[in-house]
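Participant: Residue numbers (our numbering): 857 to 1045.
Note that the Cβ used here is the ideal one computed from N, Cα and C, for glycine as well.
As the structure is a computational prediction, the values presented were derived from the model and not from experiment.
1. For the candidate residues 1001, 993, 1013 and 1004, whose alpha-carbon lies nearest to that of residue 942?
2. With DSSP as the reference, identify every bridge partner of residue 874, one or two as the case may be.
3. Please specify which runs of the beta strand (DSSP E), each continuous and at least 3 residues long, are wholly inside the region 879-928, giving them in chain order.
4. DSSP beta-bridge partners for residue 1043?
5. If you reduce the DSSP assignment to three classes, tell me which class residue 1003 lands in.
6. Taking buried to mean at least 16 other C-beta atoms within 10 Å of its own C-beta, is residue 875 buried or exposed?
7. From which residue to which residue does the alpha helix (DSSP H) around residue 968 run?
8. Can you look up residue 953 in the DSSP assignment and give me helix, strand or coil?
9. I'd like to know whether the C-beta atoms of residue 1029 and residue 989 end up nearer to each other than 8 Å.
10. Once DSSP output is grouped into helix, strand and coil, what is the label at residue 1020?
11. Shortest alpha-carbon distance to residue 948 belongs to which of 1034, 1020 and 1008?
12. For residue 948, does the three-state DSSP call read helix, strand or coil?
13. Locate the alpha helix (DSSP H) running through residue 1014, then write down its first and last residues.
14. Just mark residue 911 as buried or exposed, buried being the case when its beta carbon has 16 or more other beta carbons within 10 Å.
15. Under a three-way DSSP split, which group does residue 1029 fall into?
16. On the premise that residue 991 lies in contact with residue 1023, defined as a C-beta separation below 8 Å, what is that separation, rounded to the nearest angstrom?
17. Specify the secondary structure class of residue 1035 as computed by DSSP and reduced to three states.
18. Compute the distance between the beta-carbons of residue 1025 and residue 960, then report whether it is under 8 Å.
19. Secondary structure at residue 932, three-state DSSP: helix, strand or coil?
20. By how many angstroms is the C-alpha of residue 886 removed from the C-alpha of residue 923?
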């Protein structure tokens, strides 16, 4: 290799020549510059989001939150399936029925009436039921809704615990003598 570095004129774009190999002063390609600047902007934004503003959730924190949620789901699953006896027992708990009544007044009273007498929706105080009068049937109707009749599914909106409270409260309405809508559906067996 020769140590003779010939410096060419800057007019031709050649910086130097070594052993016949020319080093030229060419512009970087636009795609390369776009990646460079994009990476810098992304890095700055990422740093600001996580480090300066503290808005981002680190993976360890997200994992901890997911594990807490999983533990809640596992605890709920460990309780076993919902039974009629469980809902009847809940309907005798004053705190549960009070919470269920509050949820009923805010979500159900518009269609079923404040006392369950039935407005647009069916009467909930008589012994006739459109979708089954067993406690688990009532829970299923509240949680899954009846789309063809216009009743929304409430479990996603209210959560599983509030739906249980609602079902327990509706059980307390059964058999009350309230003037309301005519009976609909099949009599409870």
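Facilitator: Concretely, from the data shown:
1. Locating residue 942 in the chain shown gives position 86, counting from the first residue. Selected option, being the one with the closest Cα: 993.
2. Here residue 874 is taken as the residue at index 18 of the chain shown, counted from 1. According to DSSP, residue 874 bridges with 877.
3. The qualifying runs do not exist here; there are none.
4. Here the question's residue 1043 lines up with position 187 in the chain shown. Per DSSP, the beta-bridge partners of residue 1043 are 984.
5. Start at 1 with the first residue of the chain shown, and residue 1003 comes out as number 147. Three-state result, residue 1003: helix.
6. Locating residue 875 in the chain shown gives position 19, where the first residue counts as 1. So residue 875 counts as exposed.
7. What you label residue 968 is simply residue 112 of the chain shown in a count that begins at 1. Element bounds for residue 968: 965-968.
8. In the chain shown, counting from the first residue as 1, residue 953 sits at position 97. If DSSP states are grouped into helix, strand and coil, residue 953 belongs with the helices.
9. Position 173 of the chain shown, counted from the first residue, corresponds to residue 1029. Position 133 of the chain shown, counted from the first residue, corresponds to residue 989. In this structure, residue 1029 lies away from residue 989, with their beta-carbon atoms at least 8 Å apart.
10. Taking the chain shown and counting its residues from 1, the one referred to as residue 1020 is at position 164. In the structure shown, residue 1020 adopts helical secondary structure according to DSSP, grouped into three states.
11. Locating residue 948 in the chain shown gives position 92, where the first residue counts as 1. Nearest C-alpha to residue 948: 1020.
12. Locating residue 948 in the chain shown gives position 92, counting from the first residue. Reduced to three states, the DSSP call for residue 948 is coil.
13. Position 158 of the chain shown, counted from the first residue, corresponds to residue 1014. Element bounds for residue 1014: 1011-1014.
14. Here residue 911 refers to the residue found at position 55 when the chain shown is read from its first residue. Looking at its Cβ environment, which holds fewer than 16 other Cβ atoms inside 10 Å, residue 911 is exposed.
15. Your numbering for residue 1029 matches position 173 in the chain shown. The three-state reading of DSSP puts residue 1029 in helix, counting H, G and I together.
16. Within the chain shown, numbered from 1, the residue matching residue 1023 stands at position 167. Within the chain shown, numbered from 1, the residue matching residue 991 stands at position 135. Sure, about 6 Å apart at Cβ, within 8 Å.
17. Taking the first residue of the chain shown as position 1, residue 1035 is located at position 179. Residue 1035: coil per DSSP, three-state reduction.
18. As a position in the chain shown, residue 1025 is number 169, starting the count at 1. As a position in the chain shown, residue 960 is number 104, starting the count at 1. Using a Cβ distance threshold of 8 Å, residue 1025 and residue 960 count as a contacting pair.
19. Locating residue 932 in the chain shown gives position 76, counting from the first residue. Residue 932 sits in a helix when the DSSP states are folded into three classes.
20. Start at 1 with the first residue of the chain shown, and residue 923 comes out as number 67. Start at 1 with the first residue of the chain shown, and residue 886 comes out as number 30. C-alpha separation (whole angstroms): 46 Å.
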